[in-house]
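Undergrad:
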Amino acid sequence: MISSNGPPPAALASGLLFSAVLLAPDDPSSPRSPWGQAAFGAMAGALFALFAARGMAMAAIVWPALAASLFTPWLDHAFSYRTLRA
10 MISSNGPPPA ALASGLLFSA VLLAPDDPSS PRSPWGQAAF GAMAGALFAL FAARGMAMAA
70 IVWPALAASL FTPWLDHAFS YRTLRA
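If you count the sequence shown from 1, you need to add 9 to reach my numbering.
1) Taking the CB atoms as reference points, tell me whether residue 40 and residue 60 lie closer together than 8 Å.
2) Less than 6 Å between C-beta atoms, sequence neighbours within five positions excluded: which residues of the same chain meet that for residue 75?
3) Give the straight-line distance between the Cα atoms of residue 70 and residue 57, rounded to the nearest whole angstrom.
4) Whose C-beta lies closer than 7 Å to the C-beta of residue 68 among residues of the same chain, with five residues either side of it excluded?
5) Taking residue 49 as the reference, give the member of 62, 34, 63 with the closest Cα.
6) Taking DSSP as the reference, what is the three-state secondary structure of residue 35?
7) Going by other Cβ atoms of all chains shown within 10 Å of its Cβ, with 16 needed for buried, is residue 111 buried or exposed?
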């Protein structure tokens, strides 16, 4: 049963685990470099917190990983070995 205050914490936690374990670390949609992966995780986590704080808890399950995936090519370029070395 969902109260007027939003979904129960267990539903939010299970959605977070689903997104963090299955969606975010998907190879084609995550950066290759370790620093790019750290920035990707921080971005997805910040988006999750933003959605959850705004009361959109069910949207916070999937959308942060998908939105962070849009920045994967940029993160790969920004944190590539050649870019950091030059």
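Each residue gets a CB set at the ideal place from its N, CA and C atoms; glycine is no exception.
TA: A quick look at the data gives this:
1) no
2) none
3) 7 Å
4) 60
5) 34
6) coil
7) The question about residue 111 has no answer, for the chain in this structure spans 10 to 95.
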